[in-house]
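For the protein sequence lines, the chains are A and B, in the order given.
The numbers in this note's numbering rise by one with no breaks, and the one at position 143 of the first sequence is 143.
The numbers in this note's numbering rise by one with no breaks, and the one at position 224 of the second sequence is 224.
Number of protein chains: 2
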Amino acid sequence: MVGGGQLARMTYQAAIPLGVTLRVLSERADDGAALVSADVEIGSHTDLEALRRFAAGCDVVTFDHELAPPELLEKLAGEGHVLRPSPAAMRFAQDKLWQREQFGALGLPVPAHAVVATAEDVAAFATDHGGWPVVIKAARGGYDGRGVWVARSPEDAARVVAEGSAGGLRLFAEAMVELEREVAVLIARRPGGESVVYPVVETVQADGMCRELVSPAPIDPSVAAHARNIAERIADGIGVTGIMAVELFVAKGGDVLVNEIATRPHNSGHHTIEGCVTSQFENHVRAVLDWPLGSTAPAAPAVVTVNVVGGASGGDPRANLPRALAVPGVHVHLYGKGPRPGRKLGHVTALGEDVSEVRERADRAAAILVGEPA
Amino acid sequence: MVGGGQLARMTYQAAIPLGVTLRVLSERADDGAALVSADVEIGSHTDLEALRRFAAGCDVVTFDHELAPPELLEKLAGEGHVLRPSPAAMRFAQDKLWQREQFGALGLPVPAHAVVATAEDVAAFATDHGGWPVVIKAARGGYDGRGVWVARSPEDAARVVAEGSAGGLRLFAEAMVELEREVAVLIARRPGGESVVYPVVETVQADGMCRELVSPAPIDPSVAAHARNIAERIADGIGVTGIMAVELFVAKGGDVLVNEIATRPHNSGHHTIEGCVTSQFENHVRAVLDWPLGSTAPAAPAVVTVNVVGGASGGDPRANLPRALAVPGVHVHLYGKGPRPGRKLGHVTALGEDVSEVRERADRAAAILVGEPA
């Protein structure tokens with residue numbers, strides 16, 4: 001697995017019972033996965049020689065992130081290494097504009113959007129699509145709220161475009177969706193096309209970052225079926241292998257629109273570790289090795305995962321862990337990182353019959369971990 | 001953790017989300033836990049210098065087996081290393097005769113037993129305790145049926161005593177219990193005495209080795225309560241820290257007798273990984289670090305674990321894994337070992353509503369793994 005973050009760390013954990021050695025290419029020896037893996041290569045995903053050395057020891061190369069340059073991935077694939085997902089499938093996660101354009105062409109529901117190069121382009125888009133605010137996104141490089149701006153006026157738009165152009169970013173404008181809620185669908189797909197879809201999960205966002213997962217999402221069954229169908233169409237459409245996460249907007253009125261996808265295990269699937277029969281991490285390993293996929297059935301009527309995000313007070317979850325473990329029946333996952341405001345340090349999952357009761361426990365443990373009131 | 005077998009391997013897996021680095025002292029680099037741990041020291045548990053080097057890097061030293069010589073453990077403890085469980089508690093698991101004598105003195109129900117040095121001693125024991133057969137056990141060194149013999153006649157007894165004496169074993173005779181079934185109780189206990197007890201599990205044995213776990217055990221609730229109470233009395237009586245497994249005989253008529261204990265994670269608790277809210281491995285880590293213990297509540301009405309034991313045909317679970325994963329909803333755990341007849345290579349757990357349906361799936365997957373008919 002290229003990348004040594006928490007996704008690789010949790011994939012490593014899932015690979016142990018399968019008897020699979022998960023080799024990790026990690027930039028730093030103290031990255032989350034590098035701390036736990038018995039087979040670590042230190043090197044950068046932007047260094048072709050490091051990627052080659054790494055891939056030489058792997059049956060299959062897969063990814064903890066989509067940051068490796070496409071041209072290097074093409075090179076590796078051309079040299080005979082088995083990359084799952086393929087560089088062509090990864091491109092959809094690497095380039096949001098490409099994703100929007102292709103999904104539109106596939107007939108999938110996406111927000112109205114247009115490439116913008118100037119503030120005037122944004123203003124024209126606003127005029128054509130219900131006025132301000134307008135969302136401006138960078139085609140590449142964004143995550144956790146980075147690379148996304150909300151322009152509330154022509155002046156906002158001018159500032160974003162100037163900054164983006166200075167940074168060499170390709171930008172596009174997007175109609176702001178009046179949200180009922182955001183949801184995600186995870187799907188695991190084998191090279192031959194066999195796939196399993198997880199129940200739709202609600203992703204509660206704050207400051208552009210997912211803070212909480214609620215499974216099943218409290219949405220109408222027909223909306224859930226539609227969301228799952230969209231995920232299946234995308235998975236087949238781009239020919240993904242492994243886990244793919246589709247983040248979706250549920251608009252007021254019930255319309256479902258594709259926000260973006262990730263072609264790897266994803267933060268919106270952490271509840272699956274205890275909350276489904278087979279975790280996203282195990283199914284990712286099974287899918288990229290072309291093994292039969294595991295059941296995605298829920299393990300309890302209500303599952304809530306709360307992300308543990310570094311707070312202003314700098315509380316360290318590693319120090320607060322024993323107190324958090326006193327909360328009944330919570331599953332704490334720490335990623336081996338030091339605290340920093342806004343940094344994802346871990347997550348807490350709780351299961352039960354009643355979503356309010358379950359959420360209360362997960363919230364409480366997560367708050368204790370960062371030393372802040374729930 | 002001293003010892004690099006599958007118990008350390010599964011403890012390593014459980015330690016990852018807690019952010020705990022499980023350092024492993026392993027005899028061989030290809031032992032199950034040595035294959036997956038990022039922090040391995042190769043060395044023997046019978047070598048004081050290796051134990052010292054290992055312990056120097058640990059906050060707490062715990063164990064995957066009870067084979068380290070008591071005098072070395074005493075030495076480490078005397079030098080200030082924190083051993084959990086303590087050498088005094090470990091002695092009960094290391095010496096079956098000591099265990100029998102002390103448990104009898106504590107008023108716990110144990111089979112009738114007596115030290116034997118000659119065939120005549122065994123014959124006298126038979127005369128006093130209902131005749132033949134008589135069980136003969138070695139005080140030390142037995143597991144998975146080793147160190148246990150069934151003498152059906154004075155001639156059998158003479159042979160066992162001669163062999164045992166030649167091998168320098170201390171032997172004792174024990175009345176053969178007419179069994180209804182065998183069960184086990186796992187308990188996790190912190191240094192201060194706080195403990196949590198798991199539901200009683202049935203352990204189905206063949207050839208002296210546990211082949212299958214069924215949780216909850218199909219026994220009368222009063223018998224289960226009695227078994228759990230015995231486990232709590234033993235845990236407090238010997239002052240164990242960490243997981244302790246108590247293997248019990250349920251005699252025809254409902255009497256419960258202590259067979260033996262292990263002061264570490266145990267094969268009779270593998271179903272707890274998916275089958276209980278908190279696994280025995282996670283609770284072992286939490287207990288030895290003196291952290292609050294996790295819920296032992298069952299995750300489903302019926303949980304069955306089937307051990308994957310190497311068969312005569314030499315089928316390799318690593319090769320058969322993909323086919324086994326096609327069985328719906330099974331959790332396969334491989335220990336990273338090559339196949340050998342009678343060797344524990346892994347286990348399979350299934351959860352559900354109905355024990356027959358659950359057992360059928362677990363059995364089927366386990367049989368596929370060793371390439372034999374279920």
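Where is the CB? At the ideal position from N, CA and C, for every residue including glycine.
Exercise for the section: Can you grab the Cα-Cα spacing for the pair B/Met176 / A/Pro298, in whole Å? Expected result: 46 Å
Exercise for the section: Measure from the C-beta of A/Thr286 to each C-beta in chain B and report whether the shortest distance is under 9 Å. Expected result: What sits at residue 286 of chain A in the sequence shown is Arg, not Thr. Yes, its Cβ sits closer than 9 Å to a Cβ of chain B.
Handout entry: Local conformation of A/Pro322 per DSSP, three classes
Key = helix
Exercise for the section: With a 10 Å radius around its C-beta and 16 neighbouring C-beta atoms as the bar for buried, classify A/Glu247 as buried or exposed. Expected result: buried
Exercise for the section: Decide if A/Thr241 is buried, meaning its Cβ has at least 16 other Cβ atoms within 10 Å, or exposed. Expected result: Buried.
Handout entry: Closer than 9 Å to chain B by CB, A/Trp291
Key = yes
Handout entry: A/Ile16, DSSP secondary structure in three states
Key = coil
Problem - Straight-line Cα distance separating B/Ala14 from B/Val332 - result: 16 Å
Exercise for the section: Kindly indicate if chain A contains any beta-carbon less than 9 Å away from that of B/Ala299. Expected result: yes
Exercise for the section: Kindly say whether A/Leu7, judged by its beta-carbon, lies nearer than 9 Å to any beta-carbon of chain B. Expected result: no
Exercise for the section: Flag this pair as touching only if the stretch 170 to 188 of chain B and the stretch 223 to 242 of chain B have three or more C-beta atom pairs under 8 Å; answer yes or no. Expected result: yes
Exercise for the section: Would you tell me roughly how many angstroms separate the C-alpha atoms of B/Thr127 and B/Pro69, rounded to the nearest one? Expected result: 36 Å
Problem - Test: B/Val208 CB closer than 9 Å to a CB of chain A - result: Correcting the residue identity first, residue 208 of chain B is Gly in this sequence and not Val. False, the Cβ-Cβ gap to chain A never drops below 9 Å.
Practice task
Measure the alpha-carbon distance for B/Gly253 versus B/Glu180 and round it to whole angstroms.
Solution key: 8 Å
Handout entry: Whole alpha helix (DSSP H) elements within the stretch 297 to 356 of chain B, 4-residue minimum
Key = 317 to 325
Handout entry: Beta-carbon neighbours of B/His271, restricted to chain A and to distances below 8 Å
Key = Those within 8 Å of B/His271 in chain A number zero; the least Cβ separation is about 14 Å.
Exercise for the section: Closer than 8 Å by beta-carbon distance: list the chain A residues that pair up with B/Gln13, in chain order. Expected result: Gln13, Ile16, Pro17
Exercise for the section: Starting from the C-beta of B/Phe281, find all residues in its chain whose C-beta is less than 6 Å away, skip the five residues before and the five after it, and write them out in chain order. Expected result: Cβ contact annotation for B/Phe281 (same chain, cutoff 6 Å, sequence separation greater than five): Met10, Thr11, Ala14, Pro265, in chain order.
Handout entry: Interface partners of A/Leu186 on chain B, CB under 7 Å
Key = By Cβ distance, chain B contributes nothing, its closest Cβ being about 18 Å from A/Leu186, past 7 Å.
Practice task
Sort B/Ala162, B/Arg140, B/Gly342 by Cα distance to B/Trp98 and report the nearest one.
Solution key: B/Arg140
Practice task
Please list, in chain order, all residues of the same chain as A/Thr383 whose beta carbon is under 6 Å from its beta carbon, the five residues on each side excluded.
Solution key: Because chain A here runs from 1 to 374, residue 383 of chain A falls outside it and cannot be looked at.
Exercise for the section: Under the assumption that A/Leu369 contacts A/Ala324 (Cβ atoms under 8 Å), give the Cβ distance between them as a whole number of angstroms. Expected result: 5 Å
Exercise for the section: Please list the partners that B/Leu334 has in chain A, where partner means a Cβ-to-Cβ separation under 7 Å. Expected result: In chain order: Pro17, Leu18, Gly19.
Practice task
Please compile the residues from chain B whose C-beta is within a distance smaller than 8 Å of the C-beta of A/Leu67.
Solution key: The contacting residues do not exist; A/Leu67 stays about 24 Å from chain B at best.
Practice task
Counting only runs of 3+ residues fully inside the stretch 77 to 160 of chain A, write out the beta strand (DSSP E) ranges in chain order.
Solution key: 113 to 116, 134 to 138, 148 to 151
Exercise for the section: Would you mind sorting B/Ser165 into buried or exposed? The rule is 16 or more other CB atoms within 10 Å of its CB. Expected result: exposed
Problem - Pair within 9 Å by beta-carbon distance, B/Arg159 and B/Val115 - result: no
Handout entry: Nearest-angstrom Cα separation, counted from B/Pro109 out to B/Lys96
Key = 15 Å
Problem - Residues near A/Ala88 in its chain [Cβ-Cβ closer than 8 Å; skip 5 each side] - result: Ile238, Gly239
Problem - Under 9 Å by beta carbon: chain A residues contacting B/Leu325 - result: Leu18, Arg286, Trp291, Pro292, Leu293, Gly294
Practice task
Report the neighbours of B/Arg318 on chain A: residues whose CB is nearer than 9 Å to its CB, in chain order.
Solution key: Gly19
Problem - Environment of A/Thr46 [buried if 16+ CB atoms lie within 10 Å] - result: Exposed, since its Cβ has fewer than 16 Cβ neighbours within 10 Å.
Practice task
Assign B/Ala29 to one of two classes, buried (16 or more other C-beta atoms within 10 Å of its C-beta) or exposed (fewer than that).
Solution key: exposed
Problem - Contacts that A/Ala38 makes with chain B (C-beta to C-beta distance below 7 Å) - result: By Cβ distance, chain B contributes Leu35, Val36, Ser37, Ala38.
Practice task
Give a yes or no on whether the minimum CB-CB distance between A/His266 and chain B is below 9 Å.
Solution key: no
Handout entry: Residue-chain proximity (A/Val277, chain B), Cβ-Cβ < 9 Å
Key = yes
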